[in-house]
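The sequence shown begins at 1 in full-length UniProt numbering and counts up by one. We put the beta carbon where it would ideally sit given N, CA and C, even for glycine. Step one of this worksheet: look at the structure below.
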Amino acid sequence: MPLPRRTFLACLATTAYALAAGPLAAAPTRTPDTGLAQGDALVDTADGQHLPVYWARPAAAVGKLPVVLVVQEIFGVHEHIRDVCRRLAHQGYFALAPELFVRQGDPRGKADVQAILADIVAKVPDRQVMDDLDATLAWAGRHGGDSARAGVVGFCWGGRIVWLYAAARPNLKAGVAFYGRLAGKHDALTPQQPLDVAGELKVPVLGLYGGKDEGIPQADVDAMRRRLSASGQIVVYPDAGHAFHADYRASYQPDVARDAWARTLQWLQQMGVGG
1 MPLPRRTFLA CLATTAYALA AGPLAAAPTR TPDTGLAQGD ALVDTADGQH LPVYWARPAA
61 AVGKLPVVLV VQEIFGVHEH IRDVCRRLAH QGYFALAPEL FVRQGDPRGK ADVQAILADI
121 VAKVPDRQVM DDLDATLAWA GRHGGDSARA GVVGFCWGGR IVWLYAAARP NLKAGVAFYG
181 RLAGKHDALT PQQPLDVAGE LKVPVLGLYG GKDEGIPQAD VDAMRRRLSA SGQIVVYPDA
241 GHAFHADYRA SYQPDVARDA WARTLQWLQQ MGVGG
């Protein structure tokens with residue numbers, strides 16, 4: 001069922017940091033919106049859903065802008081993901097973050113990570129996610145974005161999605177996967193994992209991983225590196241754990257995050273998304 005408009009508006013009123021992501025760091029990054037246009041949209045999908053999407057882009061842009069889809073963590077499109085969109089917008093991109101759990105529930109108000117995983121994340125079909133990203137990209141193309149110059153960047157749960165979307169959509173220019181899981185169960189909702197599609201990738205993907213990530217075995221990272229086509233690349237930060245880019249969490253590692261973000265921008269530019 002489509003999300004009722006009043007429910008959507010209520011969600012927008014609570015788009016701070018997700019409860020389960022706490023305790024928050026003392027001073028998470030707040031990227032100013034000076035010089036940006038930003039907003040929330042409802043994008044129609046093939047199954048009749050009204051998909052909430054946060055977007056940001058340069059306010060004074062001339063011509064069509066390169067597009068970057070930003071794929072959320074398990075915590076939804078909370079303030080950190082919206083901030084990532086603003087960072088990309090300041091670099092000249094039309095950045096969009098769709099609410100990919102909208103049919104299953106809103107994780108931002110839940111305080112229990114395991115409840116989010118069991119009650120929401122585990123019920124999200126990969127096929128649905130691919131279609132929602134398609135709908136978001138198409139909407140961007142109708143509203144000032146250049147869908148021929150499109151990339152995708154994702155974090156944690158979204159990092160896994162980056163690998164799968166890049167394998168399914170060869171017309172993308174590039175992807176960047178921040179600490180996305182590479183292996184896992186195979187069932188009707190998740191028929192493939194990134195390790196299954198690594199050799200088929202036709203889109204260059206940069207994978208950014210922590211050497212001390214307790215949730216992603218280094219054996220999986222090594223296997224992904226071996227299977228990747230020539231256009232893919234894996235970077236491992238030996239002393240970093242999971243969520244090293246999440247500046248609102250205790251896991252944040254500023255030096256690693258800065259390097260990873262610089263590599264992200266360079267990768268998008270180098271692969272033809274920007275410029």
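Residue i versus residue j - alpha carbon distance
i      : j      : result
GLU200 : GLY145 : 27 Å
VAL84  : TRP55  : 10 Å
ALA232 : MET271 : Sequence inspection shows Gly at residue 232; the Ala mentioned does not correspond to that position. If you take the alpha carbons of GLY232 and MET271, they lie about 11 Å apart.
PRO204 : ASP44  : 29 Å
VAL176 : TRP261 : 10 Å
ALA219 : GLN128 : 29 Å
LEU72  : ASP187 : Contrary to the premise, residue 72 reads as Gln rather than Leu in this sequence. If I take the Cα positions, the gap works out to 22 Å.
PHE155 : ALA46  : 25 Å
ALA111 : ALA118 : 13 Å
PRO98  : LYS123 : 17 Å
ALA243 : ALA257 : 9 Å
VAL113 : ILE120 : 10 Å
ALA166 : PHE178 : 14 Å
TYR202 : ARG160 : According to the sequence provided, residue 202 is Lys. The question's Tyr does not apply to it. Using only the alpha carbons, I get a separation of about 16 Å.
GLY48  : TRP139 : 14 Å
VAL162 : ARG225 : 16 Å
Contact check, residue i vs residue j, beta carbons under 8 Å
i           : j      : result
TYR209      : ILE234 : yes
GLY274      : TYR93  : yes
ILE216      : ARG263 : no
ARG227      : ALA183 : no
THR34       : ASP126 : no
ASP132      : LEU51  : yes
residue 278 : ALA223 : The chain is shown only over 1 to 275; residue 278 falls outside these bounds and no answer can be derived.
PRO58       : ALA89  : yes
GLY241      : ASP259 : no
LEU172      : VAL153 : no
Closest residue to residue i among the options (Cα-Cα distance)
i           : options                        : result
PHE75       : GLN91, ARG263, ALA115, GLN49   : ALA115
THR31       : ARG86, VAL71, ASP40            : ARG86
ARG149      : HIS242, VAL67, ALA37           : VAL67
TYR248      : ALA122, GLU79, ALA223          : GLU79
LEU65       : ILE81, ASP40, ALA95            : ALA95
ILE81       : LEU206, GLY158, ASP222         : GLY158
residue 279 : PRO170, ILE161, TRP163         : Because the chain here runs from 1 to 275, residue 279 falls outside it and cannot be looked at.
ALA168      : ARG103, ASP134, PRO107, ALA250 : ASP134
GLY39       : GLY48, ALA230, VAL77           : VAL77
GLN269      : ALA174, VAL70, ARG103          : ALA174
Neighbour-count burial assignment, residue i, 16 or more Cβ in a 10 Å radius
i           : result
THR136      : buried
TRP267      : buried
HIS245      : buried
ALA60       : exposed
residue 281 : Nothing about residue 281 can be read from this structure; the chain reaches only from 1 to 275.
LYS185      : exposed
VAL62       : exposed
ASP106      : buried
inquiry  = In chain order, what are the residue ranges of uninterrupted beta strand (DSSP E) at least 3 long that sit wholly in the region 190 to 271?
reply    = Restricted to the region 190 to 271, the beta strand (DSSP E) segments that are unbroken, complete and at least 3 residues in length are 205 to 210, 233 to 237, listed in chain order.
task = Within the region 31 to 101, note down every full beta strand (DSSP E) run reaching 3 residues or more, in order along the chain.
result = Annotation note: the region 31 to 101 contains the following uninterrupted beta strand (DSSP E) runs of length 3 or greater, listed N- to C-terminal: 36 to 44, 50 to 58, 65 to 71, 94 to 98.
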